[in-house]
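Here the structure is laid out as structure tokens; the discussion comes afterwards.
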Amino acid sequence: MRKNCLLLLLMLLSSLPLYAKQSQITGLRIWSAPDHVRLVFDANSQISHKIFTLKGPDRLVLDLKNTTLTEHLPDPTKENKIIRGMRSAVRDKRDMRVVFDLTSAVKPKSFSLKPNREYGHRLVIDLYDDKHTAARRTQPVKTAKALGKRDVVIAVDPGHGGEDPGARGVKGTYEKDVVLAIGRKLVAAINKQKGMRAVLIRDGDYYLGLRKRIAKAREAQADLFVSIHADAFHNRKVRGSSVYTLSRSGASNEAARWLAERENSADLVGGVSLEDKDDMLASVLLDLSQIGTLQASSEAANRVLRQLKGLGKTHKRRVQQAGFVVLKSPDIPSMLVETAFISNPDEERRLRSKKHQQKVATALMKGIRDYFKFQPPPGTLLASNQARKAPRKHVISRGETLIAIANRYQVSVSRLRNANELKGDTIRIGQVLQIPGG
4 MRKNCLLLLL MLLSSLPLYA KQSQITGLRI WSAPDHVRLV FDANSQISHK IFTLKGPDRL
64 VLDLKNTTLT EHLPDPTKEN KIIRGMRSAV RDKRDMRVVF DLTSAVKPKS FSLKPNREYG
124 HRLVIDLYDD KHTAARRTQP VKTAKALGKR DVVIAVDPGH GGEDPGARGV KGTYEKDVVL
184 AIGRKLVAAI NKQKGMRAVL IRDGDYYLGL RKRIAKAREA QADLFVSIHA DAFHNRKVRG
244 SSVYTLSRSG ASNEAARWLA ERENSADLVG GVSLEDKDDM LASVLLDLSQ IGTLQASSEA
304 ANRVLRQLKG LGKTHKRRVQ QAGFVVLKSP DIPSMLVETA FISNPDEERR LRSKKHQQKV
364 ATALMKGIRD YFKFQPPPGT LLASNQARKA PRKHVISRGE TLIAIANRYQ VSVSRLRNAN
424 ELKGDTIRIG QVLQIPGG
């Protein structure tokens with residue numbers, strides 16, 4: 004009996020520290036994006052939580068289990084238009100309830116983040132405006148036909164942002180800040196070019212999910228997607244810019260992902276929905292689209308890299324391939340530009356310079372402009388101007404197909420056959436094809 008009592012006492016004592024140890028909220032940061040507000044609670048450990056909304060009036064309730072506040076939280080109403088008040092109270096002696104008074108209904112999403120080099124444990128809550136979300140779902144999409152001789156559209160995407168600072172230089176420079184500055188200058192430079200128009204995917208200090216960036220580019224009906232970054236490495240002597248496109252393995256993996264979600268894949272492949280296609284046909288359509296997209300990405304990236312070489316040393320002499328998620332759109336040629344190594348003190352200093360930022364933006368614009376002068380999309384002003392010039396030529400390389408070449412130059416296979424007096428789709432390495440104009 005005595006032995007059993009002693010064992011029970013030991014069990015109770017061992018459980019007390021676990022019960023007594025509360026998680027602590029140490030801070031709150033707020034980031035405002037065009038379509039949502041992000042709340043980031045800093046904590047000393049992972050927090051068990053629950054969120055739900057109430058109406059009459061609209062409120063968001065956050066229940067934090069076994070949690071306490073260690074300091075006064077900042078007023079969230081100063082940073083956004085969704086939250087108009089916040090209050091908190093202790094529940095059941097050990098839990099915390101935080102109530103946010105809202106100006107309108109929201110769709111909340113929450114998740115936890117593990118510690119990284121910048122922050123400790125975090126609880127993230129994204130508040131999406133319910134009315135804004137519904138309006139975006141029902142907004143009609145303009146077609147190229149309705150626009151006539153339209154401008155070429157370039158989606159400029161400064162990497163990272165908000166809670167994700169990216170790399171940091173030895174002087175404390177954040178990647179997210181310098182790439183946003185370069186991105187804004189690139190947009191301004193592109194918009195000065197006749198027949199070209201740029202859209203800025205991230206236009207502030209907030210975070211966008213990687214596939215959300217692709218979706219925004221697609222909403223803008225972009226002809227090219229350019230993601231801007233600044234590299235980092237543990238060796239501070241490493242320097243130079245690089246340009247990446249999607250690797251073949253990356254494309255293959257993403258193709259499988261797109262096919263798995265084909266119910267929501269309308270207009271992914273040149274305006275062709277995969278919703279009513281069987282698996283084999285959908286796979287062929289998507290594969291052909293990606294072949295043309297990867298070739299176009301490579302051509303555009305090479306022209307951009309050529310311009311960057313004029314600014315100084317490049318880290319890699321050739322365009323590199325990698326499986327970056329942000330490059331995995333099957334229908335938009337895409338590239339990722341590492342403008343410099345922010346971990347290199349000299350390059351960090353240059354990245355902070357507005358003069359150098361402008362030089363980088365100008366080089367990127369020239370490379371993009373060169374690409375679209377060489378390969379303007381049909382229905383654009385640039386294509387119309389090119390149609391008056393001599394037809395383009397293409398030399399067949401190993402592994403190319405007539406369908407892929409037609410896709411690359413955005414002409415029909417039948418026109419390509421007629422222009423070269425081909426009876427079928429057979430072509431040979433080294434053969435020169437005439438590419439019909441616009």
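Residues 4 to 441 in my numbering are what the sequence shown lists, from first letter to last. C-beta atoms are modelled at their ideal positions from N, C-alpha and C, and glycine is treated no differently. Just so you know, these numbers come straight off a predicted model, no measurement behind them.
Which residue or residues does DSSP assign as beta-bridge partners of residue i?
i	result
T248	Q324
P111	L130
F44	L31 and L126
K312	According to DSSP, K312 bridges with nothing at all.
A201	I157
G164	D167
S337	F228
H75	In DSSP, H75 forms no bridge with anything.
L116	R125
H237	BP columns for H237 are empty, so no partner.
D98	R94
T296	Note: T296 sits in no beta bridge, so no partner.
T383	R153
L105	I86
So the alpha helix (DSSP H) residue i belongs to, where does it begin and stop?
i	result
K215	L213 to E222
F375	K357 to F377
A192	E178 to N194
R418	V416 to N423
A407	L405 to Y412
Grab me the residues of residue i's own chain with a C-beta within less than 6 Å of its C-beta, minus the 5 sequence neighbours each way, in chain order.
i	result
Y210	G164, G165, E166 and D167
S51	K68
L65	I54 and V101
A46	S26, I28 and H124
S113	I54 and I128
Y412	I438
Q378	none
G243	K316, T317 and H318
G88	D104
V241	F344
D234	E341 and F344
D428	L405
With residue i and residue j assumed to form a contact (beta carbons below 8 Å), what rounded beta-carbon distance in angstroms separates them?
i	j	result
V159	I217	Their Cβ separation, rounded to whole angstroms, is 13 Å, which puts V159 and I217 out of contact at 8 Å.
P449	A299	An answer regarding residue 449 cannot be provided, because it is not within the stretch 4 to 441 covered by the chain.
A354	T106	The amino acid at residue 354 is misidentified as Ala; the sequence shows Leu. No, L354 and T106 are not in contact; Cβ-Cβ is about 39 Å, not under 8 Å.
V155	P380	6 Å
S115	Q49	6 Å
G162	L249	Not quite, the Cβ-Cβ distance comes to about 16 Å (not below 8 Å), so this is no contact.
P77	I86	Actually they are not in contact, since the Cβ atoms of P77 and I86 sit about 11 Å apart, beyond 8 Å.
R239	P348	6 Å
R397	L436	The question names Arg, yet the displayed sequence has His at residue 397. Confirmed, about 5 Å.
K117	S387	Not a contact, Cβ separation roughly 53 Å.
Check whether the Cβ of residue i lies closer than 8 Å to any Cβ atom in chain D.
i	result
L72	Absent here is chain D; the protein component of the structure consists of one chain.
Excluding the five sequence neighbours on either side, which residues of its own chain have a C-beta within less than 8 Å of the C-beta of residue i, listed in chain order?
i	result
Q142	Any reading at Q142 must be qualified, since the residue scores a pLDDT of 46, below 50, and its modelled position is unreliable; the value itself is stated next. Hits under 8 Å: none found.
K310	Note that residue 310 is Gln in the sequence shown, not Lys. Cβ within range, chain order: A366, L367, K369, G370 and D373.
D133	S107, A108, V109 and K110
A225	V156, I157, A158, V202 and I335
N267	Interpretation of N267 is limited by its pLDDT of 38, a score under 50 that renders its predicted location unreliable; no figure is taken from the coordinates.
K215	none
I432	I399, S400 and R401
Q360	V181, A184, I185, K188 and L354
Identify, in the order they occur along the chain, each residue of the same chain with its Cβ nearer than 7 Å to the Cβ of residue i, setting aside the five sequence neighbours on each side.
i	result
G172	I345, S346 and E351
G198	D154, V155, T383, L384 and L385
N305	V322
V307	V246, M338, V340, L367, G370 and I371
E82	I33 and S35
E302	Y374 and Q378
D61	L105, S107 and A108
F236	F344 and S346
May I ask which residues mark the beginning and end of the beta strand (DSSP E) holding residue i?
i	result
I438	V435 to I438
V229	L227 to D234
K24	Note, K24: premise wrong, no beta strand (DSSP E); not H, not E.
S91	I86 to R94
K396	R395 to V398
T70	T70 to L72
R62	R62 to L67
H318	H318 -> no beta strand (DSSP E), and no H or E assigned at all.
I54	H52 to L57
Handout entry: Meets three-Cβ-pair contact criterion under 8 Å: the region 172-187 and the region 357-369
Key = yes
Problem - Stretch-stretch touch, CB-based, cutoff 8 Å, three pairs: the region 394-409 with the region 336-344 - result: no
Exercise for the section: Could you tell me whether the region 69-76 touches the region 33-43, using the rule of 3 or more Cβ pairs below 8 Å? Expected result: no
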